[in-house]
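Please read the structure below before turning to the comments.
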Amino acid sequence: MSIFFLIHLLVHVLLSLILCCDLLELLCTLLYFLIGSLITSETDRLAYPKYYGLQGDPASELNPDAQQDLDYVPEL
């Protein structure tokens, strides 16, 4: 889970407790942020595979020059 979601969730829980909101609203808030954090963590995992210890793109394994093609910058 991202730190942003944990802080945001904590603020919502504290506000719900302070304002004495009903239990159903609190549970919906918790579920909303749980789903949001799962989506964010999956998106981060796919966007930064090396950071999460995953292998690179299978297509680049088939074509070892693929990374060199991505690093190539044409001169102007």
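Going letter by letter, the sequence shown gives residues -16 to -1, 1 to 60 in mature numbering (1 follows the signal peptide of the UniProt record, and there is no 0). Quick reminder that beta carbons are idealized off the backbone N, C-alpha and C, glycines included.
How far does the alpha helix (DSSP H) with residue i in it reach, from first residue to last?
i        : result
Leu(-11) : -14 to 2
Using a Cβ-Cβ cutoff of less than 7 Å, which residues in the same chain neighbour residue i once the five nearest sequence positions on both sides are dropped?
i     : result
Glu59 : none
Glu9  : Ser(-1)
Among the options, which has the Cα closest to the Cα of residue i?
i       : options             : result
Val(-4) : Leu11, Gly20, Leu22 : Leu11
Less than 8 Å between C-beta atoms, sequence neighbours within five positions excluded: which residues of the same chain meet that for residue i?
i     : result
Phe17 : Phe(-12), His(-9), Leu(-8), His(-5)
Near residue i, what residues of its chain come up, given a Cβ to Cβ distance below 6 Å and the 5 sequence neighbours on each side ignored?
i     : result
Thr13 : His(-5)
Leu3  : none
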